[in-house]
């Protein structure tokens, strides 16, 4: 384990290795490395731990400088590191320190590439549970995340309800719609259409940069709203023959290649698409008897994870008298809102976490 | 000119060549061939001609078996061929008989490819005007089209208001938004990322089939709505590891390659993106004094060409006391609705065309 201090007091970068992880597909992955970061300090009672779950292209670096949720994690912020112990780990299948298709298969000494086993959201969560156990945390104060992070939060609540005081799925869904699958499939096809992808065997050579960039461009459009794109770019030109929005997307596409692995793109989007809580039963029956508190958040202009998907979860929870608060926040940032709308989310989260903490402390 | 008879009585396939077309970019294209079809018969007064304008991936084959608007054109249909003379030509830059990047540049004896000059929606309409003049039609009863066809209808009305009794822009816009440009740009990048594109020089060799297929997949998602995709595909599987929506998009993508030219994709989407009526003045000022009647149609679930874009046109027309009817049809088919919602459109169009015809005949 490596420890470093950064901007947030008590920020810590670490990694740990587990001997084995049993996957839904039947394969046992061994060994499995997990990269994670923590912010703040675990209290003596171990009742103040919040597990933050990242979205598709995120990583363990949630808080601190350049963290994908740096405005939400830190002293005095929504996830107040004076009060809470915040943990974020890179997901299984990722390419930022946790075992994934770019990791070395110990049996061959070569990267797994497409021989990496199929993974699910439940596999990701099972690995996170092992990490939480290792950290000696019997019960999390909260699991929280946006987009794919929210799907993991739901998985946590359904699979380990006794280990989660509160679940906060933000801009999430209990299962991908045909449209969500379709956009992911375009990304996958763009990657696999790139000859440099080479059946996934590009490590040590030229990665499928063009295909991955096209995939990322599609993603970025779906993360924004019609209105936010109009306000940000309009029809402004960057060059006589190039609109600003084109140059922006090309730039974001090409930058993505530097930090993301194309095979991770394939595996993680596949995990998202295959996620479907209702395969285990109707949603209300899954929530039956769960004492976890829920705060479900969606955003009015999010057309990729539309509000009706959050409402489906809320209705199911309400039908079983679960403790659930729901907020459809007004925003024109589209799906990106969960990263951008800091103030409104902070207001909502602060009170909810505080009351959950009071209640959890009383019970502990 | 070649003439053939098909299912619609008086259906005619033809092509004609013009010596020269002056383009907006300053280049004069010479010669220019135009492929077109006509349905029904031109009356003696030449007052019953309707110019149907196709969308991005359409062609001159609008009516008759397999025509993209076959349910709308024919005896007793919305565009009743017992009464009207319907014309549809393949657009400039196309690949279905009209001069485009796949045509031979007479100066080199080779396909134009990317040396084809930049084209605009106004260029397409200028060429259509030459065809209409050649057919001896002084004034069209109507210009009508959906999507890019609607943009051409608007261009006709603004540029040749005296030659158009009625204009029917359906699911269209006076200018592309950043989001519309962005989706087109993804398609272009997917094509150009394919090594088989080879700078546009693939004629006689392998076309950029994978890139063009990915571009088409993105297109198809934007043509449908979240709801229509949910109803058509849901999360149904086609194979253990493949959702039906994935297989559908892959199939549609690969089929597109058989009938569409990748360079035409680049040139025509560029023409759509650069189209902006407001560059010539505020919309209301462009409609000042126009006596053309308008029927503007949009669809509630069309998120690619949202209703607000049609409303912008309607408001501008109303502000100048132009004759305009507007209908935001309830449909869950998304942008595809203009091809699918036959009954409701037929009802609207039939009365509108009949009254326009009565009025136009009285004036003639």
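Protein chains in written order, with my numbering: chain Z, 9 to 372; chain X, 9 to 372. The beta-carbon is built from N, C-alpha and C at its ideal position, and this holds for glycine as well.
query	result
Count Cβ pairs between the stretch 331–349 of chain Z and the stretch 225–242 of chain Z that sit closer than 8 Å; are there 3 or more?	yes
Can you find a heavy atom of the ligand PLP that lies under 7 Å from the Cβ of residue 215/Z?	By its list of ligands, the structure shown contains no ligand whatsoever, and the ligand PLP lies outside what it can speak to.
Ordered along the chain, which non-local residues of its own chain (more than five positions away) have a Cβ less than 8 Å from that of residue 384/Z?	In the structure displayed, chain Z extends from 9 to 372; residue 384/Z sits before or after that span and is not available.
On the DSSP bridge assignment, give the partners of residue 183/Z in chain order.	284/Z
Could you name the residues of the same chain whose beta carbon sits closer than 8 Å to that of residue 78/Z, not counting the 5 residues immediately before and after it, in chain order?	70, 71 and 72
Which term fits residue 214/Z, buried or exposed, when burial requires 16 or more other beta carbons within 10 angstroms of its beta carbon?	exposed
Relative to the C-alpha of residue 245/X, which candidate in 225/X, 82/X and 253/X has its C-alpha closest?	253/X
Keeping to the same chain, check which residues put their C-beta closer than 7 Å to that of residue 173/X; ignore five residues upstream and five downstream.	147, 148, 149, 150, 300, 301, 364 and 368
For residue 305/X and chain Z, any beta-carbon pair shorter than 8 Å?	no
What separation, rounded to the nearest whole angstrom, lies between the Cα atoms of residue 126/X and residue 99/Z?	47 Å
Please list, in chain order, all residues of the same chain as residue 136/X whose beta carbon is under 7 Å from its beta carbon, the five residues on each side excluded.	59 and 97
Between residue 311/Z and chain X, is any beta-carbon pair separated by less than 8 Å?	yes
In chain X, which residues lie with their C-beta within 7 Å of the C-beta of residue 166/Z?	The contacting residues do not exist; residue 166/Z stays about 18 Å from chain X at best.
Using C-beta distances below 7 Å, list every residue in its chain close to residue 282/X, excluding the 5 sequence neighbours before and after it, in chain order.	128
Run through DSSP, which three-state label would residue 268/Z get?	coil
Enumerated in chain order, which unbroken segments of the alpha helix (DSSP H) with a length of 4 residues or greater are wholly contained in the stretch 225–266 of chain Z?	234–240
Give the interface partners of residue 198/X over in chain Z, defined as CB-CB distance under 8 Å, in chain order.	198, 201 and 222
For residue 326/Z, which residues does DSSP report across the bridge?	In the DSSP output, where bridge partners are listed per residue, residue 326/Z has none listed.
Compare the C-alpha of residue 39/Z against each of 326/Z, 145/Z, 24/Z and 45/Z and name the closest.	24/Z
Anything in chain X within Cβ reach of residue 190/Z, meaning under 7 Å, just list it in chain order.	229, 237, 253 and 257
May I ask which residues mark the beginning and end of the beta strand (DSSP E) holding residue 20/X?	20–26
Below 8 Å CB to CB, which residues in the same chain sit around residue 349/X once its five sequence neighbours on both sides are set aside?	307, 337, 339 and 341
At the level of alpha carbons, what is the spacing between residue 90/Z and residue 361/Z?	13 Å
Can you check the stretch 334–370 of chain X for any beta strand (DSSP E) of at least 3 residues that lies completely inside it and give the ranges in chain order?	none
Would residue 68/Z pass as a contact of residue 44/Z if the rule is Cβ separation under 8 Å?	yes
Are any of the Cβ atoms in chain C nearer than 8 Å to that of residue 264/X?	In the displayed structure, chain C is absent; the protein chains listed are Z and X.
Among all the DSSP beta bridges, which residues are the ones paired with residue 45/Z?	21/Z and 96/Z
Within 10 angstroms of its Cβ, does residue 202/Z collect 16 or more other Cβ (buried), or is it exposed?	buried
Give the DSSP bridge partners of residue 119/Z, in chain order.	112/Z
Kindly give me the distance between the Cβ atoms of residue 132/Z and residue 171/Z, rounded to whole angstroms, as I take these residues to be in contact under 8 Å.	Incorrect: roughly 15 Å between the Cβ atoms, too far for contact.
What are the boundary residues of the alpha helix (DSSP H) that residue 129/X is part of?	129–142
Taking 8 Å as the CB-CB limit, is residue 427/X close to chain Z?	The requested residue 427/X is not part of the displayed model; chain X covers only 9 to 372.
Look up residue 151/X in the DSSP assignment and give the residues it is bridged to.	59/X and 175/X
Give the interface partners of residue 241/Z over in chain X, defined as CB-CB distance under 7 Å, in chain order.	186
So residue 93/X packs on residue 48/X, CB below 8 Å; how close in whole Å?	5 Å
If you draw a straight line from the C-alpha of residue 289/X to the C-alpha of residue 162/X, how long is it?	14 Å
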